[in-house]
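For the sequence shown, my numbering begins at 1 and goes up steadily by one. All residues carry an ideal CB built from backbone N, CA and C; glycine is no exception. None of these values were measured; they are calculated from a predicted model.
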Amino acid sequence: MRKLLVHGRRAMRIEPSTYFSTVEAAAATRRDTRPHQEALERCIAKLRQTMPVIGLRNPKIGLPDNSWVYCGPYDWVVSFQAGQLWLALQLTGDPAFLNAARARRAVFRGILAYQNAQNHDLGFQFSLSCVAEWLMTGDDEAHEMALAAARQLVARYRPDGRYIQAWNARQVHSQRMQAEFANGRIIADTMQNLALLYWAHRETGRVDFREAADAHAQTTLEHIVRPDDTSFHTFVFDIASGKPLRGETHQGYADASCWSRGQAWLIHGFAQSAVTTGNPAYAEAARRLATKAEALMEGDAVPAWDFGAPEQRGTHRDSSAAAIMAAGVYLLADQSEPEEAARWRALGDRLLAGLLDHCDLTRDPKALGLLAHGASHVRAGYSDTMLPYGDYYFMEALMRSLGHDRFFWS
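Next comes the structure, spelled out in structure tokens:
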């Protein structure tokens, strides 16, 4: 295995491994992980194949011919290609992946420079780019950029309501997102973005990073997660007093339904926060949410886009929800006693089997992505397509299934 150069003063935190460095750990669970090993190899091969085509662009959403529409400079999904490249570097040590990931840094400088581009997605954008680069190479500029993003993210914290505001007023899907819609709103997705604040707290010792992340997680647990363990996509607070008002959806079927990708974000986000903080309430939340999602899937191989959608609209599946959920339940398994861990690994294996049987594009030489049948925003007309976040979490889930436990969220 080739040795990576360490740039900057700090030592590398994540060493390159190999595909099969964790086969013994996986074998100890008496599971047949060969399909996952082979799928991960195909993912790496697909990334090698598509790097010259994609270049420095960052995929946003797939087209019917399995090519990509690419991101503008400030899109929330701009980091998921970089995240895949950093995972590939971790697995192979190949400097081609290092160079392709690092060459995207200008995009993230641009986000830091343009205040209107900054929202709760700073966690996605910088955990999978600059934090990843810092952990893999010790690069000083990447470290400072990630801390700058964390400072901008914590500035979105609203102490009266104990939450991080999700969105800014901006143009979305050809409709104006008015300030009264954006202000005072949290969304399920933000649980995954808290990782940047926890990382920044560890790096700096600044307590406001940790306090904001903990407060937002608790607020999410109290208001986004329903008593029956389903979830709202968003929740609205009075912007003056912080008083909780109501749950709503944005990308799901209805306010009272359960958007499957939102449920998946919460599973992974609470499981990750539990690892980071040691708070058992977060692990218990992830267990409750995962148990409910498993029940709502019934016999489905791939989750419906919304667990509450009527049957005639429930034919839309969301491979990205399956991939995020799989990564989350494998993470939950790592925190559980052996009997319970086996249950979560079985659910993760089931979700990956559904993806490999019904959504896998790694054998399609014309496809530029890894997974078909993602549902970005069904009611806005975006469904049955490749999604870069589905691809990233597919790789993460495959790696977790094999026993890898070093990722860029911690």
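Asked	Found
Please report how far the alpha carbon of ALA323 lies from the alpha carbon of ARG206, in whole angstroms.	33 Å
Let me know if VAL225 comes out buried or exposed under the rule of 16 or more other beta-carbons within 10 Å of its beta-carbon.	buried
Can you tell me whether DSSP reads TRP86 as helix, strand or coil?	helix
Indicate the three-state DSSP secondary structure (helix, strand or coil) for GLY374 in the structure shown.	strand
By how many angstroms is the C-alpha of TYR74 removed from the C-alpha of GLU47?	A quick correction: the sequence has Leu, not Glu, at residue 47. Spanning the two alpha carbons is a distance of roughly 23 Å.
Note down, in chain order, each residue of its chain lying with its Cβ closer than 7 Å to the Cβ of ALA215, except the 5 sequence neighbours on either side.	ARG162
According to the neighbour-count rule (16 or more other Cβ atoms, all chains shown, within 10 Å of its Cβ), is TYR114 buried or exposed?	exposed
For ILE164, which option in GLN118, PRO303, ASP94 and PRO388 has the closest C-alpha, if you only look at C-alpha atoms?	GLN118
For the pair the region 150-157 and the region 188-204, tell me if three or more CB-CB distances fall below 8 Å.	yes
Please report how far the alpha carbon of PHE235 lies from the alpha carbon of VAL77, in whole angstroms.	22 Å
Please go through the same chain and pick out, in chain order, the residues whose beta-carbon is closer than 7 Å to the beta-carbon of TYR70, but skip the five residues on each side of it.	ARG57, ASN58, PRO59 and LYS60
To the nearest angstrom, how far is the alpha carbon of GLY348 from that of SER401?	8 Å
Using the beta-carbon count (16 or more within 10 Å), is VAL53 buried or exposed?	exposed
Does GLY62 come out as helix, strand or coil in the three-state DSSP assignment?	strand
Could you compute how far the alpha carbon of GLY374 sits from the alpha carbon of PRO159?	36 Å
Tell me the rounded alpha-carbon separation between ARG202 and TYR253.	39 Å
Let's see if you can read the secondary structure: which residues bound the alpha helix (DSSP H) around VAL53?	34-54
Does the Cβ-Cβ distance between LEU128 and MET191 come in under 8 Å?	no
Whose C-beta lies closer than 8 Å to the C-beta of LEU289 among residues of the same chain, with five residues either side of it excluded?	VAL225, ASP229, SER231, GLN263, LEU266, ILE267 and PHE270
Please name the residue or residues paired with ASP360 in a DSSP beta bridge.	LEU371
Alpha carbons only, please: which of SER79, PHE80, GLY83 and THR50 is nearest the one belonging to SER67?	THR50
If you drop the 5 nearest sequence neighbours on each side, which residues of the same chain put their C-beta closer than 7 Å to that of SER336?	TRP344
Got a sec, what are the start and stop residues for the beta strand (DSSP E) PRO95 sits in?	Premise fails: PRO95 lies in the alpha helix (DSSP H), 95-102, not in any beta strand (DSSP E).
Determine which residues share a DSSP beta bridge with TYR198 and list them.	According to DSSP, TYR198 bridges with nothing at all.
Should PRO388 go down as buried or exposed, given a rule of 16 or more other Cβ atoms within 10 Å for buried?	buried
In whole angstroms, give me the CA-to-CA distance for GLU41 and GLY62.	22 Å
If you compare alpha carbons, which of GLU340, HIS250 and PRO280 is closest to ALA188?	HIS250
In the structure shown, what three-state DSSP assignment does LEU135 receive?	helix
Restricting to Cα atoms, I'd like to know which of ALA283, TRP305 and GLY308 is closest to LEU332.	ALA283
Take ARG105 as the anchor and find which of VAL131, ALA367, LEU398 and GLY93 has the nearest alpha-carbon.	VAL131
Considering only their Cβ atoms, is the gap separating CYS359 from VAL302 smaller than 8 Å?	yes
By Cβ distance, which residues of its chain are closer than 7 Å to PRO35, with the 5 residues on each side in sequence left out?	LEU356
One question on the structure: do ALA255 and GLU248 come within less than 8 Å of each other, judged by their Cβ atoms?	In the sequence on display, residue 255 carries Asp and not Ala. Against a cut-off of 8 Å, the Cβ pair of GLU248 and ASP255 comes out as a contact.
Starting from PRO244, follow the beta strand (DSSP E) in both directions and report where the run begins and ends.	244-248
Using only CA atoms, which one of ALA321, ASP384, GLN218 and ALA304 lies nearest to ALA274?	GLN218
Can you tell me whether ARG246 is buried or exposed? The criterion is at least 16 other CB atoms within 10 Å of its CB, across all chains shown.	exposed
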